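Residue numbers (the numbering used here): 553 to 883.
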């Protein structure tokens, strides 16, 4: 089944009560208990599980080619759940340009948890190998990275993680499963901020964790989801699933637009640098061409008046409403 078909069918079921082809929104917090005390529908309380959340999880697992998925109330809730599953003294290896809030979760929220973290340039495989410790349990990868658009060799880092008996997790938010499929390259788990491209309409906040096969961190994340309560609402799950319907089509349009923007900007007098893995001049171009079906781009604008520079995305040209303040176009 092609991914376009899975995007519109995975996780969806005809409503037996009405025949509706669009899943209804199940706002009930509790579900019917049978005389014997069991729950014949498989649902008991919406914090534990909900039909809309289960449908979204089934769909995301299918899109990524994974075994199971968990939907969370935000992308950072996934980071928090995974960190909660680690033990004092465990070591986390992450990119030096990882999303800034990842550092804050590990360094501030879990400052007293006894976790250790190292941040390295993950495009340098020798640096990754050198940073691994006997206590390394989690190797976090972000590719393309935010905001420098560094491209990490997923298969190589997955191999390093396996040799270290660590679990590898890739943040696939920028690429989505349409443009990059980390599980097929040996990564153990993929995480997304579904707030961005997967949701696609700037009307929800959410996160997801998809695993290739069962592992202890995924099960501990499940406990954190169910008992800690970092779950999306039924309506947010419904909205996210609605967004997935058009994800393959939207990513193709984003890709086409980004290619045109890069072609315009790369020789523009006001632009100092275009960070776009689709360009042959990009340091990660060869890897991106091998493991992605598209790229993503940022540019640095030249400010001649006062010498100050800042990072900007080509948001003025964005077709995505995933997060207009800093949407990254893919190609």
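The C-beta atom is built at its ideal place from N, Cα and C for all residues, glycine as well. Since the structure is predicted, the reported quantities are computational estimates derived from the model, not experimental observations.
What is the DSSP secondary structure of residue i, reduced to helix, strand or coil?
{"i": "residue 560", "result": "helix"}
{"i": "residue 620", "result": "strand"}
{"i": "residue 568", "result": "coil"}
{"i": "residue 759", "result": "strand"}
{"i": "residue 555", "result": "helix"}
{"i": "residue 739", "result": "coil"}
{"i": "residue 866", "result": "Because residue 866 sits at a pLDDT of 37, beneath the cut-off of 50, its placement in the model cannot be relied upon, and the point is left open."}
{"i": "residue 776", "result": "helix"}
{"i": "residue 582", "result": "strand"}
{"i": "residue 843", "result": "helix"}
Is the separation between the beta-carbon of residue i and that of residue j shorter than 7 Å?
{"i": "residue 599", "j": "residue 789", "result": "no"}
{"i": "residue 829", "j": "residue 820", "result": "no"}
{"i": "residue 682", "j": "residue 670", "result": "no"}
{"i": "residue 793", "j": "residue 607", "result": "yes"}
{"i": "residue 751", "j": "residue 795", "result": "yes"}
{"i": "residue 783", "j": "residue 762", "result": "no"}
{"i": "residue 725", "j": "residue 748", "result": "yes"}
{"i": "residue 636", "j": "residue 776", "result": "yes"}
{"i": "residue 613", "j": "residue 621", "result": "yes"}
{"i": "residue 791", "j": "residue 559", "result": "no"}
{"i": "residue 647", "j": "residue 697", "result": "yes"}
Report the residue from the options whose alpha carbon sits nearest the alpha carbon of residue i.
{"i": "residue 642", "options": "686, 704 and 588", "result": "686"}
{"i": "residue 735", "options": "601, 721 and 802", "result": "721"}
{"i": "residue 580", "options": "574, 745 and 786", "result": "786"}
{"i": "residue 729", "options": "588, 567 and 804", "result": "804"}
{"i": "residue 845", "options": "775, 823, 807 and 814", "result": "807"}
{"i": "residue 567", "options": "797, 613, 577 and 766", "result": "577"}
{"i": "residue 732", "options": "563, 617, 564 and 603", "result": "617"}
{"i": "residue 700", "options": "840, 582 and 650", "result": "650"}
{"i": "residue 756", "options": "603, 625 and 575", "result": "625"}
{"i": "residue 638", "options": "665, 812 and 826", "result": "665"}
{"i": "residue 644", "options": "716, 563 and 835", "result": "716"}
{"i": "residue 555", "options": "841, 797 and 827", "result": "797"}
{"i": "residue 575", "options": "565, 582 and 810", "result": "565"}
{"i": "residue 835", "options": "656, 586 and 673", "result": "673"}
{"i": "residue 727", "options": "593, 714, 561 and 745", "result": "745"}
For the putative contact between residue i and residue j, defined by C-beta atoms under 8 Å, what is the C-beta separation to the nearest angstrom?
{"i": "residue 690", "j": "residue 843", "result": "Going by Cβ atoms, the distance from residue 690 to residue 843 rounds to 21 Å, so no, they are not a contact pair."}
{"i": "residue 759", "j": "residue 630", "result": "4 Å"}
{"i": "residue 628", "j": "residue 653", "result": "6 Å"}
{"i": "residue 675", "j": "residue 693", "result": "That pair is no contact at about 11 Å."}
{"i": "residue 772", "j": "residue 740", "result": "Incorrect: roughly 14 Å between the Cβ atoms, too far for contact."}
{"i": "residue 695", "j": "residue 677", "result": "The pair is not a contact, with the Cβ atoms about 13 Å apart (cut-off 8 Å)."}
{"i": "residue 661", "j": "residue 688", "result": "The pair is not a contact, with the Cβ atoms about 20 Å apart (cut-off 8 Å)."}
{"i": "residue 823", "j": "residue 831", "result": "That belief does not hold up - the Cβ atoms of residue 823 and residue 831 are roughly 13 Å apart, past 8 Å."}
{"i": "residue 719", "j": "residue 769", "result": "5 Å"}
{"i": "residue 589", "j": "residue 766", "result": "Their Cβ separation, rounded to whole angstroms, is 28 Å, which puts residue 589 and residue 766 out of contact at 8 Å."}
{"i": "residue 610", "j": "residue 563", "result": "4 Å"}
Does the distance between the C-beta of residue i and the nearest non-hydrogen atom of the ligand HEM fall short of 6 Å?
{"i": "residue 630", "result": "Ligands displayed in this structure: none; no statement on the ligand HEM is therefore possible."}
Inset, instruction - Just list the alpha helix (DSSP H) runs in the region 781-840, keeping only unbroken ones of 4 residues or longer that don't cross its boundaries, in chain order. - result: If you keep only unbroken alpha helix (DSSP H) runs of at least 4 residues inside the region 781-840, you get 786-797 and 799-817.
Inset, instruction - Would you list, in sequence order, the uninterrupted beta strand (DSSP E) runs of no fewer than 3 residues that lie entirely inside the region 640-678? - result: 643-647 and 668-672
Inset, instruction - Mind listing, in chain order, the continuous alpha helix (DSSP H) runs of no fewer than 4 residues lying wholly within the region 687-726? - result: 706-715
Legend entry - Runs of alpha helix (DSSP H) lying entirely within the region 592-617, each at least 4 residues, in chain order: 603-616
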